[in-house]
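Peer 1: Have a look at this one before I ask anything.
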Amino acid sequence: MSADLQHLHSQISDLGSQQPFAVHWQIRTLGSSASGRRTSASIGQGEHNQLASFSTRKVSVLLACLALVHRGDLDLDQRLIVTEEMKDGVQAGIMRNVSSGVELSLEDHLRQMMISSDNICTQLVFEAIAEVTGDALQWVNDYCSWAGMLATLHREIFPRSGDLKWHHSIDHMTVTTPDDQARLLSLLGEAAANHGVADSLYLSPSLCRFAVGLMRQIHTPLLGANASTLKFAEKNGRGLRSLSQVGLALAPEGAAVAAVAVFAEQIPTELPSGRPGRLAAYELFGRIGRAVEQWHLEQSHPSLEPRVDHTTQPTPEESPAFCWTTLTPGTTPRQQTNAPTTLHPLSGVGKLLAALAIAGTETEDPHLLETPVMITAEDRSAAAVGPLRTHTGELTLRLADAMALVIATSDAAASVALRRALKHRQYDLVEAVRSLIESLSQTAPMLEQTVVTAEEEAQGATGDLLIGQSSPQDLVRLLTALAQAGGLTLPTSPDAQEEQGSAAGISRTAAERVLGWMAGVFEPTGLAYGLPGYGPNRVPQWSVSGLELRSSGSAEGWSSVLITRQQGVGPGVGVTVAAAHFSGDTGSAQCLSQRPAETLGELGLAAYRALPGADRLARDGEDLAG
1 MSADLQHLHS
11 QISDLGSQQP
21 FAVHWQIRTL
31 GSSASGRRTS
41 ASIGQGEHNQ
51 LASFSTRKVS
61 VLLACLALVH
71 RGDLDLDQRL
81 IVTEEMKDGV
91 QAGIMRNVSS
101 GVELSLEDHL
111 RQMMISSDNI
121 CTQLVFEAIA
131 EVTGDALQWV
141 NDYCSWAGML
151 ATLHREIFPR
161 SGDLKWHHSI
171 DHMTVTTPDD
181 QARLLSLLGE
191 AAANHGVADS
201 LYLSPSLCRF
211 AVGLMRQIHT
221 PLLGANASTL
231 KFAEKNGRGL
241 RSLSQVGLAL
251 APEGAAVAAV
261 AVFAEQIPTE
271 LPSGRPGRLA
281 AYELFGRIGR
291 AVEQWHLEQS
301 HPSLEPRVDH
311 TTQPTPEESP
321 AFCWTTLTPG
331 TTPRQQTNAP
341 TTLHPLSGVG
351 KLLAALAIAG
361 TETEDPHLLE
371 TPVMITAEDR
381 SAAAVGPLRT
391 HTGELTLRLA
401 DAMALVIATS
411 DAAASVALRR
421 ALKHRQYDLV
431 EAVRSLIESL
441 SQTAPMLEQT
451 VVTAEEEAQG
461 ATGDLLIGQS
471 SPQDLVRLLT
481 ALAQAGGLTL
491 PTSPDAQEEQ
501 GSAAGISRTA
511 AERVLGWMAG
521 VFEPTGLAYG
531 LPGYGPNRVP
541 QWSVSGLELR
551 SSGSAEGWSS
561 VLITRQQGVG
571 PGVGVTVAAA
581 HFSGDTGSAQ
591 CLSQRPAETL
601 GELGLAAYRA
611 LPGADRLARD
621 GEDLAG
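FYI, our numbering numbers position 144 of the sequence shown as 144, with every residue one higher than the one before it.
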């Protein structure tokens, strides 16, 4: 083993030994010698242990499907329809939040299987494979054997993680090893530029590049979350006690330089510090990705100084403006804040104001939410973020479903199409939100600092719909009214809830609609990032998507909102509402977004713990099914 690889091995082994859980990993280097011969080496620890694969299995499913495309049995353009039955038991992905009947091409189902790990799309991919092979699981298992993945066994279409306990057996689950995953990825990385290696995978180089391209679009990258030079094409795996991240490290010109597979096992639900155990695994993945990047930089530029770690905690000047309040029966809400009133751009919460205005129009225009919203190639081209921006062809959704996607994923293509559909109905979104703000402020100083100036520009859209400003204090007052109108605070009668909501300017119907959208946020990375829980077992939470881990920075910063409460309904139930803004103007080009996620997550956890009995509930794993 070369000295540089020995050093990388020691680095990652040390990182693993510091964790309160088992870490199994392998890294395979990819390259060529001066004579042009392929060279490779591998390092690892526990890499031959057979483990639950969860969604890392989808890399082999993707390639097995593309092998059928390569031989002409399947067509990437063939259309497959989402049905209501497919939503049963599904925890991962975005299609569970849209109405049945949505039709996507096989290519776009593959995209969502990899980008958002969508298990409805995964079911349809398996159905397509079964139609031409007769047995989809057998085909995928055969493919794994052909690729040399001899410790990988596919036993299920998707794991029903909502039915599992933390201590579940893996006897009936799909299993793999870090060695198998790194082996497949190293072959994929080489095959993207080598016909002979592509032939060994029963693919073409162009299909291999397509597969790598899908993995580069993952909604929640972690290996590459703190990298600035290398790009990572990744796939994640999310279990109850298991988290994993596998991927290809890509040089700026696109060549694969290493295959990485990391599996964290026996992750405690909570660390001694009180933080959720999953956060330590997320941070580990980022640090491993950064170590691989530093290894590559030292290889390609031996005289380069070691890169400084820019993921330390923010200075006091960079700390987010934060405000929260706890609503409990028999007490008067009192805002608590870490700073004076701070005006900031909407930068993530404009979509909440838009959702409230649109939902509030339902009584006057009951057909508004059924309006067709067609997402076109132009919309996707304009979008800066969101899981739909890489899709092909047109997609038509109900306006309610488009709004749900915007809230859940900040999908900018959906937001651009949604605004066009509203204009077609002569609905002025900016005026509607201004009217909402005025209505909410009639009986109390509700939104004193909130101003909406315009709609977000279509080109480069981030899915926030609106441009303007607000403050954490204003947003907490708004969230308080929303929680009260939606019946989250007190076990009162429906009539009392309606009266309470109407007094605040939000109807119960509108509040319930918006809270339903907020409950479906996919992989929250703001204040909800650090809430207790594991797998699908989380404390109840309502938020909006406003921060993508792939984002390298934001001139306007990131705003985040959160409603969370204790489990159960009855006397003593409490609700915490919180809002924060993390400034993007930190004076450093390395303000990488895992740090805002971690920092906002710590604040959200602190707000949750302000609830009476919250620590007890957070430690009771059986009570966390939110």
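For glycine and all other residues, C-beta sits at the position ideal for the given N, C-alpha and C.
How many whole angstroms separate the CB atoms of glutamate 602 and glycine 530, which I take to be in contact at a CB cut-off of 8 Å?
Peer 2: Right, their Cβ atoms sit about 6 Å apart.
Peer 1: Between which two residues does the alpha helix (DSSP H) holding methionine 518 run?
Peer 2: That run of the alpha helix (DSSP H) goes 508 to 518.
Peer 1: Ignore the nearest five residues each way along the sequence and tell me which others in phenylalanine 263's own chain have a CB closer than 6 Å to its CB.
Peer 2: Same-chain partners within the cutoff: His24, Leu51, Pro178, Ser244.
Peer 1: Between which two residues does the alpha helix (DSSP H) harbouring asparagine 119 extend?
Peer 2: That run of the alpha helix (DSSP H) goes 119 to 133.
Peer 1: Does isoleucine 94 come out as helix, strand or coil in the three-state DSSP assignment?
Peer 2: It is coil, neither helix nor strand.
Peer 1: What is the rounded straight-line gap between the Cα of isoleucine 12 and the Cα of isoleucine 43?
Peer 2: Using only the alpha carbons, I get a separation of about 10 Å.
Peer 1: Is the number of C-beta pairs between the region 258 to 276 and the region 88 to 106 that are closer than 8 Å three or more?
Peer 2: Result no; under three Cβ-Cβ pairs closer than 8 Å.
Peer 1: Could you check the C-alpha separation between alanine 280 and threonine 152 for me, to the nearest Å?
Peer 2: Their Cα atoms are separated by approximately 27 Å.
Peer 1: Looking at C-alpha atoms only, which residue of Asp379, His48, Ile506, Thr396 is the closest neighbour of valine 175?
Peer 2: Measuring from the Cα of valine 175, the nearest candidate turns out to be His48.
Peer 1: Would DSSP call tyrosine 202 helix, strand or coil?
Peer 2: Three-state DSSP puts tyrosine 202 in coil, outside helix and strand.
Peer 1: Does the Cβ of glycine 613 have 16 or more other Cβ atoms within 10 Å, making it buried, or fewer, making it exposed?
Peer 2: Glycine 613 is exposed by the Cβ-count criterion.
Peer 1: So what does DSSP say about aspartate 623, is it helix, strand or coil?
Peer 2: Reliability of the predicted coordinates at aspartate 623 is poor, the pLDDT of 38 falling under 50, and the value obtained from them is presented with this limitation in mind. In this structure, aspartate 623 counts as helix in the three-state DSSP scheme.
Peer 1: By the three-class DSSP mapping on this structure, what secondary structure does leucine 279 have?
Peer 2: DSSP places leucine 279 in helix when its eight states are reduced to three.
Peer 1: Of all the options Thr342, Ile375, Pro387, Ala404, which has the alpha carbon lying nearest to the alpha carbon of alanine 359?
Peer 2: Among Thr342, Ile375, Pro387, Ala404, the Cα nearest to that of alanine 359 belongs to Ala404.
Peer 1: Work out the CA separation of glutamate 265 and arginine 287 for me, nearest whole Å.
Peer 2: C-alpha separation (whole angstroms): 17 Å.
Peer 1: Which residues mark the beginning and the end of the beta strand (DSSP E) in which glutamine 469 is found?
Peer 2: Note, glutamine 469: beta strand (DSSP E), 466 to 470.
Peer 1: Count the other CB atoms within 10 Å of the CB of serine 410; is the residue buried (16 or more) or exposed (fewer)?
Peer 2: Its Cβ being crowded by 16 or more others within 10 Å, serine 410 is buried.
Peer 1: Give me the Cα-Cα distance between leucine 605 and leucine 527, rounded to the nearest whole angstrom.
Peer 2: Approximately 8 Å between the Cα atoms of the pair.
Peer 1: Return the chain-ordered ranges of every beta strand (DSSP E) run that is complete within the region 223 to 269 and spans a minimum of 3 residues.
Peer 2: Runs found: 231 to 238, 243 to 250, 256 to 265.
Peer 1: Can you give the beta carbon distance from leucine 479 to leucine 515, rounded, assuming they're within the 8 Å contact cut?
Peer 2: Wrong, their Cβ atoms sit about 10 Å apart, outside the cutoff.
Peer 1: Could you give the C-beta distance for glutamate 107 and threonine 396, rounded to a whole number, given that I count them as a contact under 8 Å?
Peer 2: That pair is no contact at about 17 Å.
Peer 1: According to DSSP, proline 372 sits in a beta bridge with which residue or residues?
Peer 2: In the DSSP output, where bridge partners are listed per residue, proline 372 has Arg398.
Peer 1: For leucine 600 and alanine 357, what's the separation of their Cα atoms in angstroms?
Peer 2: In a straight line, the C-alpha of leucine 600 is about 27 Å away from that of alanine 357.
Peer 1: Assuming contact is defined by CB atoms lying nearer than 8 Å, are glycine 134 and proline 345 in contact in what I supplied?
Peer 2: Cβ atoms of glycine 134 and proline 345: not closer than 8 Å.
Peer 1: Please state whether DSSP places tyrosine 534 in a helix, a strand or coil.
Peer 2: Note: tyrosine 534 maps to strand in three-state DSSP.
Peer 1: Secondary structure at isoleucine 358, three-state DSSP: helix, strand or coil?
Peer 2: Isoleucine 358: helix per DSSP, three-state reduction.
Peer 1: Three-state secondary structure (DSSP) at proline 345?
Peer 2: Here proline 345 sits in strand by DSSP.
Peer 1: Given glutamate 293, which residues of its chain have a CB within under 8 Å of its CB, disregarding the five upstream and five downstream residues?
Peer 2: Cβ within range, chain order: Ala227, Ser228, Thr229, Leu230, Ala249, Arg307.
Peer 1: Quick one: residues in its chain with C-beta nearer than 6 Å to the C-beta of arginine 209, no 5 flanking neighbours on either side, listed in chain order?
Peer 2: Excluding positions up to five away in sequence, the list reads Ala192.
Peer 1: Cutting at 7 Å between CB atoms, please list the residues of its own chain near proline 333, excluding the five before and the five after it.
Peer 2: Excluding residues within five positions, the ones whose Cβ falls inside 7 Å are Thr325, Leu327, Thr480.
Peer 1: Report the option in His581, Gly289, Ile407 whose CA atom is closest to the CA atom of proline 340.
Peer 2: Checked all of His581, Gly289, Ile407; the closest Cα to proline 340 is His581.
Peer 1: On the criterion of 16 or more Cβ atoms from any shown chain inside 10 Å, does tryptophan 542 qualify as buried, or is it exposed?
Peer 2: So tryptophan 542 ends up on the buried side.
Peer 1: For alanine 67 versus leucine 214, is the C-beta distance shorter than 8 Å?
Peer 2: Not a contact, by the Cβ cut-off of 8 Å.
Peer 1: State the Cα-Cα distance for the pair serine 415 and glycine 101, rounded to the nearest angstrom.
Peer 2: Distance between the alpha carbons of serine 415 and glycine 101 is about 21 Å.
Peer 1: Which two residues bound the contiguous alpha helix (DSSP H) that contains arginine 111?
Peer 2: Here the alpha helix (DSSP H) through arginine 111 covers 106 to 115.
Peer 1: Below 7 Å CB to CB, which residues in the same chain sit around serine 300 once its five sequence neighbours on both sides are set aside?
Peer 2: Excluding positions up to five away in sequence, the list is empty.
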